[in-house]
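In my numbering, the protein residues as written are 9 to 396.
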């Protein structure tokens, strides 16, 4: 039987396994030396001052919003083409969510649409407190332009870089927070590197760093400078905020630290495979992903688009045919504003036409660092068969 080819998968080496075993044999399974070592390694890789490992990127987005003071009465804007967590994080804080339509070339949040929406919001007195650009597929949004708009209109920025560790924007590592207040990474197994489940929040702002540290661990501090009075003794701690148990374990961090040593290799392999897809698909009637010249994408995903209404085949028929052939294609993503929960909040079909146009045509082909050229050829051959 022909093996199934997933759209994404982790690559776990013997070195990764040994790193986890070493923690299992140590005195620390949860909060030991591996977590700060992983945080330091990521912060140094990205060129950012502070990094906080957490149990998921969703948790990182939540505490990022809280650290920036998002609460009831506030507005948070993000892209409709993302996983629901990019929007849910604001709702967790009691804020309201709105969306900004996407750029039809990059599929990222459109700077032109953002500027137009900001102009209208300023007239109406409804400017956002935070904007969350999502680096879809590992390609950075146009962060310099978004940052310039933040200075003009007074909003904060959280980069949802869940797809993008190892990528670069203007030849600098994504995650350096040059154009944002906080950046968030994901380490889910299908992402660039993995800690099984896990995420990270990064910032250059010391005040935000203090808040992120508190919020991920119950709002508890052992820092005498943060306490309301002198400690009762060396055992003493205080809860000074309402935080959460969003901590990463040492087991996860050890895996992440080991994986980080191969990050550049993983991204280079994804780049090579994506370039090969570009070539192999050039003669087929599909739209291949476009890369902005300011970007070196981490290439978490490789979405093609099946043009609408140009032939007898449809996105659905191609998707089902590829799945039947053992090709684990997927769709990233269903526009968030079309989800039933968000429809109940008042969003309607037609609100963000570019996002909806993208969704109707998109299919993510398999792409991961260990995808073989033989399996990639199998994907392309199966796709060609569906398009004939």
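We treat Cβ as the ideally placed atom computed from N, Cα and C, and that holds for glycine. A quick note: this is a predicted structure, and the numbers were derived from the prediction, not measured.
Looking at C-alpha atoms only, which residue of the options is the closest neighbour of residue i?
i, options, result
"residue 181", "338, 303 and 361", "303"
"residue 294", "321, 39, 215 and 51", "321"
"residue 69", "86, 54 and 81", "86"
"residue 154", "308, 116 and 179", "116"
"residue 262", "73, 286 and 20", "20"
"residue 145", "185, 282, 82 and 99", "282"
"residue 179", "152, 95 and 135", "152"
"residue 312", "143, 306 and 327", "327"
"residue 62", "55, 43 and 163", "43"
"residue 40", "353, 376 and 255", "255"
Using C-beta distances below 6 Å, list every residue in its chain close to residue i, excluding the 5 sequence neighbours before and after it, in chain order.
i, result
"residue 65", "170, 192, 194 and 207"
"residue 13", "335, 336, 374 and 383"
"residue 94", "86, 140, 142 and 168"
"residue 113", "298"
Helix or strand or just coil, what does DSSP make of residue i?
i, result
"residue 29", "helix"
"residue 208", "strand"
"residue 155", "helix"
"residue 46", "helix"
"residue 361", "helix"
"residue 385", "helix"
"residue 180", "strand"
"residue 408", "What the structure shows of the chain is the stretch from 9 to 396, and residue 408 is not part of that stretch, so it cannot be assessed."
"residue 167", "strand"
"residue 8", "A question about residue 8 goes unanswered here, because the residues of the chain that appear run from 9 up to 396."
"residue 51", "helix"
"residue 11", "coil"
Can you give me the Cβ contacts of residue i inside the same chain, cut-off strictly under 7 Å, excluding the 5 residues immediately before and after it?
i, result
"residue 37", "31, 257, 258 and 259"
"residue 247", "226, 227 and 228"
"residue 8", "With the chain covering 9 to 396 only, the question about residue 8 has no answer from this structure."
"residue 323", "314, 368, 369 and 371"
"residue 28", "259, 262 and 263"
Below 8 Å CB to CB, which residues in the same chain sit around residue i once its five sequence neighbours on both sides are set aside?
i, result
"residue 289", "296, 312, 388 and 391"
"residue 76", "137, 138, 164, 166, 189, 190 and 216"
"residue 357", "346 and 364"
Taking only runs of the alpha helix (DSSP H) that begin and end inside the region 238 to 316, which ones reach a length of at least 4 residues, in chain order? 258 to 268 and 271 to 288
Extract the residue ranges of the beta strand (DSSP E) inside the region 320 to 347, only unbroken runs of 3 or more that lie entirely within it. none
Are the region 365 to 380 and the region 338 to 345 touching, with three or more C-beta to C-beta distances below 8 Å? In short, these stretches touch, since the Cβ pair count reaches three.
Mind the definition here: the region 17 to 34 touches the region 150 to 161 only if three or more C-beta pairs lie below 8 Å; say whether that holds. no
Three or more C-beta pairs below 8 Å linking the region 48 to 55 and the region 207 to 222: Contact between the region 48 to 55 and the region 207 to 222 is present, because at least three Cβ pairs lie under 8 Å.
Should the region 297 to 313 be regarded as contacting the region 230 to 246, the criterion being three or more beta carbon pairs within less than 8 Å? These segments do not touch.
Could you tell me which uninterrupted alpha helix (DSSP H) segments, each at least 4 residues in length, are contained entirely in the region 63 to 114, listed from first to last along the chain? 65 to 75 and 93 to 100
Counting Cβ pairs closer than 8 Å, one from the region 100 to 114 and one from the region 132 to 147, do we hit at least three? Put simply, the region 100 to 114 touches the region 132 to 147. At least three CB pairs are less than 8 Å apart.
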